[in-house]
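If you read the protein sequences in the order shown, they are chains L and X. Quick note: the first sequence uses my numbering, first residue 1, plus one each step. Quick note: the second sequence uses my numbering, first residue 1001, plus one each step. For every residue, glycine included, the Cβ atom is placed at its ideal position computed from N, Cα and C. For clarity, every value in this text was computed on a predicted model and none was experimentally measured. Everything on this sheet refers to the single structure shown next.
2 protein chains.
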Amino acid sequence: MPTHSFDQAIALEPQPDGTCTGHTNPGYANMVGPYGGITTAQALQAVLQSPTRLGEPVSLTVNFCAAVADGPFVVQAWAARTNRSTQHWMIEMRQGDEVVMTGTAVTAARRDTWGVDEEPMPLCPPPHESPLPTHRLPMEFLNRYELRSVSGGLPAAWDGSGHSSLTQLWVRDEPPRPLDFASLSAMADIFFPRVFIRRATHVPVGTVSMTVYFHASSAQLAETGTGYLLGQARAQAFRNGFFDQTSQLWNEAGVLLVTTHQIVYYKG
Amino acid sequence: MPTHSFDQAIALEPQPDGTCTGHTNPGYANMVGPYGGITTAQALQAVLQSPTRLGEPVSLTVNFCAAVADGPFVVQAWAARTNRSTQHWMIEMRQGDEVVMTGTAVTAARRDTWGVDEEPMPLCPPPHESPLPTHRLPMEFLNRYELRSVSGGLPAAWDGSGHSSLTQLWVRDEPPRPLDFASLSAMADIFFPRVFIRRATHVPVGTVSMTVYFHASSAQLAETGTGYLLGQARAQAFRNGFFDQTSQLWNEAGVLLVTTHQIVYYKG
Chain L
1 MPTHSFDQAI ALEPQPDGTC TGHTNPGYAN MVGPYGGITT AQALQAVLQS
51 PTRLGEPVSL TVNFCAAVAD GPFVVQAWAA RTNRSTQHWM IEMRQGDEVV
101 MTGTAVTAAR RDTWGVDEEP MPLCPPPHES PLPTHRLPME FLNRYELRSV
151 SGGLPAAWDG SGHSSLTQLW VRDEPPRPLD FASLSAMADI FFPRVFIRRA
201 THVPVGTVSM TVYFHASSAQ LAETGTGYLL GQARAQAFRN GFFDQTSQLW
251 NEAGVLLVTT HQIVYYKG
Chain X
1001 MPTHSFDQAI ALEPQPDGTC TGHTNPGYAN MVGPYGGITT AQALQAVLQS
1051 PTRLGEPVSL TVNFCAAVAD GPFVVQAWAA RTNRSTQHWM IEMRQGDEVV
1101 MTGTAVTAAR RDTWGVDEEP MPLCPPPHES PLPTHRLPME FLNRYELRSV
1151 SGGLPAAWDG SGHSSLTQLW VRDEPPRPLD FASLSAMADI FFPRVFIRRA
1201 THVPVGTVSM TVYFHASSAQ LAETGTGYLL GQARAQAFRN GFFDQTSQLW
1251 NEAGVLLVTT HQIVYYKG
């Protein structure tokens, strides 16, 4: 049994039929059901531990079809197409007869090329000068992360006074754990729903679909180690029950590790 | 036979086994094979014309697994999960025994809610003051669009002098055609590869995965009619053979219709 709670949560048991079985982890519980980021990491893990996998993750899309119930699940990742240097995956997670998540992923053998980060890390105070939460929130998964607020935290008063959805924060696993693709995919979902920040109003929400683009190689993840990531998130549009979120995660050295997007259902 | 070239290109023939057959259209040819936007629209069309579809598109992800060959194809969209107001689709396009595209989509019955566009339309000269291309490019699909450049067009000299990947342009179908979800999904891919703009260097490229978030309702598309869309695209990171593109499309009234992202393979 792995010792870190994240490794326990993403542990999958390969089955003879090519599926994997897993179990939701109470340490990563959200208000109802598990934190979406941990479900995302479980889906990616099914790809990562496939014996036929080629290369490292480049792209991951997960669609949250239904609330995941606390309990066991079956996840299956299969390669729909394998090319010379890229591989295309389809992913499905089930509980009983119900599909609770669908997804696709691309893995690739990456080569050294010309490159540049065009989106610079914003100037922010360093992690140790950025405050920890002043009070504990009821979602258990928040205790699995060290979150230090830079800007755009949860409103002090839910009075409809918000005017921007921008959030910047530092994040790492709690206790610290060396960064890998699975934990990075989970952290891509770490931001509170943008509608809470923009409206300073609490309404029911749920992520419907999330896409993660991995710009980092495993070597860059290893260099990041147990350091903090700077996360930034904002919405571009809130309309008729759905808003988007566009986000970035940089390491402390300013390397852009991930760009990620999601579309989120909201009520009200 | 429909009269507009776009309708001809996305025409699909439902088959008794639940699949649809279609054919690539020479009017939408790219340098090699079809324009990715038209393949995207064909995939979405398979969802749109399904008799069991619920609501309108909210999210679409397509993965380009292999070059689509000129000729016939089979596309299948099936609902993995149908909820009260949302539906989750999986999509697969085949040519012979080969999977050439995979995808997922979410459709939903949308309701009136509070909303706001947080990403404003940039200030740009109007379409009639924005220049048409001065010379014809060899890709046939470009003749199916009226493209008017605002900023960040193709470099005048391929001399490695680029410094930003930002492009802004006006676009509509040529000849004009009332906007719908299928044509909007095609226009989400209208931008030249960001690496061309950023580096002023021509290298082999290919979109690997694209996600489109639809913020517009069919009523807003009808209001847009045959008007122009303002498109904006930029990259956030170019690294080890893949760059991302983050884009928006607004109508002339300034309504944000689509936010879209893609990850693109590049060489060199």
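Any C-beta of chain X sitting closer than 8 Å to the C-beta of residue i?
i, result
"D189/L", "no"
"R198/L", "yes"
"M90/L", "yes"
"H23/L", "no"
"S165/L", "yes"
"T246/L", "yes"
"Y266/L", "yes"
"R110/L", "yes"
List, in chain order, every chain X residue whose beta-carbon is nearer than 9 Å to that of residue i.
i, result
"F238/L", "T1113, W1114, G1115, V1116, D1117, E1118, H1215"
Would you tell me roughly how many angstroms separate the C-alpha atoms of residue i and residue j, rounded to the nearest one?
i, j, result
"T292/L", "W158/L", "Shown here, chain L extends from 1 to 268; a query on residue 292/L therefore has no answer."
"P2/L", "A9/L", "9 Å"
"V100/L", "A66/L", "5 Å"
"S1151/X", "V1258/X", "20 Å"
"G1055/X", "L132/L", "42 Å"
"H128/L", "P175/L", "16 Å"
"T24/L", "R94/L", "12 Å"
"L12/L", "T1021/X", "38 Å"
"Q1232/X", "H1215/X", "16 Å"
"D180/L", "D1180/X", "41 Å"
"P14/L", "L60/L", "21 Å"
"W1089/X", "T1104/X", "5 Å"
"A222/L", "L229/L", "13 Å"
"L1142/X", "Q87/L", "30 Å"
"L1137/X", "G227/L", "48 Å"
"E140/L", "L1184/X", "41 Å"
"N30/L", "S50/L", "28 Å"
"S1165/X", "T134/L", "41 Å"
"V75/L", "D1117/X", "37 Å"
"D1173/X", "P16/L", "51 Å"
"L256/L", "D189/L", "16 Å"
"T102/L", "V68/L", "12 Å"
"L1044/X", "D1007/X", "13 Å"
"P1126/X", "E98/L", "50 Å"
So is residue i in contact with chain L if we call contact Cβ pairs under 8 Å?
i, result
"F1242/X", "yes"
"S1185/X", "no"
"T1104/X", "yes"
Looking only at its chain, what residues have a beta carbon closer than 7 Å to the beta carbon of residue i, apart from the 5 residues adjacent to it on each side?
i, result
"G162/L", "P155, I197, R198, R199, A200"
"L169/L", "L147, R148, S149, V150, G231"
"M1121/X", "L1230, W1250, G1254"
"T1052/X", "A1079"
"F191/L", "T167, G231, A233, Q245, S247"
"C124/L", "V150, Q168, L230"
"V1195/X", "V1203, V1205, F1238, F1243, Y1266"
"G160/L", "R199, A200, T201"
Can you round the beta-carbon distance between residue i and residue j to whole angstroms, since I take them to be within the 8 Å contact cut?
i, j, result
"T82/L", "N1240/X", "20 Å between Cβ atoms; not a contact."
"S1217/X", "R1084/X", "In fact, because the Cβ distance is near 19 Å, the residues do not count as touching under 8 Å."
"T1260/X", "V1212/X", "5 Å"
"A182/L", "L48/L", "6 Å"
"A1041/X", "A1077/X", "About 13 Å; that fails the 8 Å criterion."
"A237/L", "E1119/X", "7 Å"
"F33/L", "D70/L", "In the sequence as presented, Phe is not what sits at residue 33/L; that position holds Gly. About 7 Å separates the two Cβ atoms, so the contact holds."
"G115/L", "P178/L", "Rounded, the Cβ-Cβ distance is 24 Å, inconsistent with contact."
"M1210/X", "V1058/X", "That belief does not hold up - the Cβ atoms of M1210/X and V1058/X are roughly 15 Å apart, past 8 Å."
Should residue i be counted as a contact of the ligand SAM given a C-beta to heavy atom distance under 7 Å?
i, result
"L1147/X", "No copy of the ligand SAM appears in this structure; indeed no ligand is present at all."
Going along chain X, which residues have a C-beta under 8 Å from residue i?
i, result
"T211/L", "T1061, S1209, T1211, H1261"
"V99/L", "A1080, R1081, H1088"
Using a Cβ-Cβ cut-off of 8 Å (strictly less than) and excluding sequence neighbours within five positions of residue i, which residues of its own chain qualify?
i, result
"S1005/X", "N1025, G1027, Y1028, R1144"
For residue i, which residues of its own chain have a beta-carbon under 6 Å away from its beta-carbon, when the five flanking residues on both sides are left out?
i, result
"K1267/X", "V1203, P1204"
"T207/L", "G36, F64, Q262, V264"
"I1038/X", "A1009, Y1028, A1186"
"F73/L", "G22, M93, Q95"
Run down chain X in chain order and give the residues with a C-beta less than 7 Å from the C-beta of residue i.
i, result
"L256/L", "Q1236, A1237"
Closer than 7 Å between beta carbons: that is the criterion. Which residues of the segment 1040-1070 of chain X meet it against chain B?
Absence of chain B from the displayed structure is noted, the protein chains being L and X.
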